[in-house]
Amino acid sequence: MMRLAVLGPVRAWRRDEEIDLGSPQQRGLLALLLLHEGRPVATEAIVEALWG
Numbered sequence: 003m004m005r006l007a008v009l010g011p012v013r014a015w016r017r018d019e020e021i022d023l024g025s026p027q028q029r030g031l032l033a034l035l036l037l038h039e040g041r042p043v044a045t046e047a048i049v050e051a052l053w054g
């Protein structure tokens, strides 16, 4: 079981253990994908969101 949090810092837990999500850009990508609820996200939208 995995639990994810996107309000405040992006964080994830597997059972009771917090998972290292890597760099700020990796956490940003995870947050972007979570906010789109499993729908496809265009490459251009990802680039714009992460690198402006």
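Count along the sequence shown from 1, add 2, and you get the number used in the working numbering. The beta carbon of each residue, even a glycine, is placed where N, CA and C say it ideally should be.
Query	Result
Anticipated Cβ contact below 8 Å, V12 with L37, distance rounded	Going by Cβ atoms, the distance from V12 to L37 rounds to 10 Å, so no, they are not a contact pair.
Short Cβ contact (9 Å threshold) for L34 with L52	yes
Unbroken alpha helix (DSSP H) run spanning L6, endpoints	Segment M4 to A7 is the beta strand (DSSP E) holding L6; no alpha helix (DSSP H) there.
Under the three-state DSSP convention, the category E2 falls into	With the chain represented from 3 up to 54, any question about residue 2 goes unanswered, as that position is not in the structure.
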